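The sequence shown lines up with residues 787 to 1164 when you count with my numbering.
A short worksheet on the structure shown next.
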Amino acid sequence: MSLSLPVDPPGARSLTGVVPQLLRSLAGDGEWFPAVGSAVLVVIDGLGRANLSARAGHARFLTSAMTKRDAARTVFPATTATALTSLLTGVDAGVHGIVGYRARIPGTLRAPNQLKGWETDGLDPLTWQRAQPLLEREAAAGRPVYVVSKALYRDSGFTRAIQRGAEFVAAASVEERLETAAALAASHRGALVYVYVPELDTIGHARGWESEEWLAALEGVDAALRRFEQAAARETGAVVTADHGMVDVPSHRHVLLSDGDDLLDEVELVAGEPRLLQLTTTAGAAERVAARWREREQSRSWVLSRDEVIAAGLFGSRVDAEVLPRIGDVLVAARGAVAYYDDRLEDKKPQRMIGQHGSLTEQERVVPLISLGAFRRR
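What follows is the structure, given as structure tokens:
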């Protein structure tokens, strides 16, 4: 390991612990949050704490509610598929097995998209994701559990993998989703309501988080959350968090990997995502591949073997044997504002993305953990 990795400060809160702590709050013995009658969890995809703080003037309600300690660390990789799975199962990727945006199917050179590839690549939501969703467990125990999200996610494989057991309630706009959540929490004591807000992430990928479009969307989300807190019942507590932050990477900072590039020598599969590559190498070649990448890229990326990643605990304190071969032999985590693309692929659409995430930087890994409603009134 040629460069030291960032270390979480003592006592840092993990995204993995949020739902277990909300359930403890509903039981009256929470450590992070006080006791409440019902709880609403709002996930704003792509809203890192640094992104929010840098645009505080466009989110005055949220930032006025956010104290210095209102932060959590998302998981590794800092990507939606892994983070939301950890959030809604309460375990790390080394156990649940969703180890990145594109992850290898062991014994193959296939790396399906972990958000959208369930049907096309034959992944079974009941087995590929290996941990029981907390929503399913709580619903089976009799708790009212709801997911309020866009209709297009209702029947997706990823939804079944991590949100099964909950009653899915479709709502088109951010404001409608939050209004629905407030009503559900008020009318079902003991309820846990999960609200998903993907709009900022979608705009960030297409236009960048520093764009005017992203700022306008942030203002809309902030206003909707203000109205939500005003409408929420007195016994309803809410937490606003995110799955990851975002870094803008302009096209001139793309690193395009093409035929003849020695960085691809002895590499059989390029998986992961542009800021966190997971490389499967030919047998016995991992050390040589890692050495080549370090020689050229260590000034702007961490280059780690799979053993180093596991020893550092990045996938959690435990990595199950079934999960191990899903992880690349060599991982390349961007430190600077760069993104790596396999330019041999015909589909160039991913190269149009501006907002990126997945790596270990503070901007990508630190997310807000803001208490609203009954959680901050007490």
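Ideal Cβ positions, reconstructed from N, Cα and C, are used throughout, including at glycine.
Quantities reported herein were computed from a predicted structural model and do not represent experimental measurements.
Excluding sequence positions up to five before and after Arg-1092, its CB lies within less than 6 angstroms of the CB of Ile-1113, Asp-1115, all in the same chain and listed in chain order.
In this model, Glu-1083 and Leu-1042 are separated by some 13 angstroms (Cα to Cα).
Per DSSP, the continuous alpha helix (DSSP H) segment holding Trp-1000 begins and ends at 998-1017.
Of all alpha-carbon atoms in Ile-830, Trp-1000, Pro-792, the one lying nearest the alpha-carbon of Thr-1027 is that of Ile-830.
With respect to Val-1153, Ala-845 sits apart: the two C-beta atoms are not nearer than 8 angstroms. For Gly-990, the uninterrupted alpha helix (DSSP H) segment begins and ends at 985-993. Under the three-state reduction of DSSP, Tyr-887 is assigned to coil, being neither helix nor strand.
Going by DSSP, Glu-1054 is part of no alpha helix (DSSP H) but of the beta strand (DSSP E) stretching over 1053-1059. In this structure, Asp-878 sits near Thr-802, with a CB-CB distance shorter than 8 angstroms.
When rounded, the separation of the alpha-carbon atoms in Arg-841 and Asp-1034 is 14 angstroms. Residue nearest to His-991 within the set Pro-795, Pro-1036, Ala-1018, Gly-1023 is Pro-1036 (criterion: CA-CA distance). Closest in C-alpha terms to Arg-975, from the list Glu-1148, Gln-807, Ser-824, Glu-817, comes Ser-824.
Our two residues, Pro-919 and Arg-1163, have alpha carbons roughly 30 angstroms apart in a direct line. A distance below 6 angstroms between beta-carbons, with the five flanking residues on each side excluded, links Ala-1018 to the following residues of its chain, in chain order: Ala-968, Gly-1159. Nearest to Val-885 by alpha-carbon distance, out of Gln-1142, Leu-1117, Lys-1134, is Leu-1117. In this structure, DSSP gives Asp-1048 a helical state, which the three-state scheme calls helix. Across the set Asn-899, Arg-1020, Ser-997, Val-1025, the C-alpha of Val-1025 shows the shortest separation from the C-alpha of Leu-873. Buried is the label assigned to Ser-935, since at least 16 other Cβ atoms lie within 10 Å of its Cβ. DSSP assignment within the segment 896-969 yields the following whole alpha helix (DSSP H) runs of 4 residues or more, N-terminal first: 920-926, 943-949. If you compare the alpha carbons of Arg-810, Arg-950, Asp-1008, Pro-892 with that of Glu-985, the shortest gap goes to Asp-1008. Separation of Thr-1066 and Leu-1055 (C-alpha to C-alpha, rounded to the nearest whole angstrom) is 5 angstroms. Counting along the chain, the unbroken alpha helix (DSSP H) around Leu-809 starts and ends at 804-813. Secondary structure within the segment 813-845: the alpha helix (DSSP H) runs of 4 or more consecutive residues, fully enclosed, are 835-840 (chain order).
Excluding its 5 nearest sequence neighbours in each direction, Val-979 has C-beta neighbours in its own chain below 6 angstroms: Val-826, Tyr-932, Ala-967, Leu-970, Ala-971, listed in chain order. For Val-828, the closest of Tyr-982, Leu-838, Leu-1110 by C-alpha to C-alpha distance is Tyr-982. Pairing Arg-1020 with Asp-910, the inter-Cα distance amounts to about 41 angstroms.
For the pair Glu-996 and Ile-1140, the Cα-to-Cα distance works out to about 10 angstroms. The distance from the Cβ of Trp-904 to that of Gly-943 is about 2 angstroms, consistent with a contact at the 8 angstroms cut-off. In terms of CA proximity to Arg-1138, Gly-994 leads the group Trp-914, Gln-915, Leu-838, Gly-994. The Cβ neighbour count for His-1038, taken over all protein chains shown within 10 Å, is under 16; the residue is labelled exposed.
Apart from the 5 residues on each side of it in sequence, Pro-1111 sits with its Cβ closer than 6 angstroms to the Cβ of Pro-892 in its chain, given in chain order.
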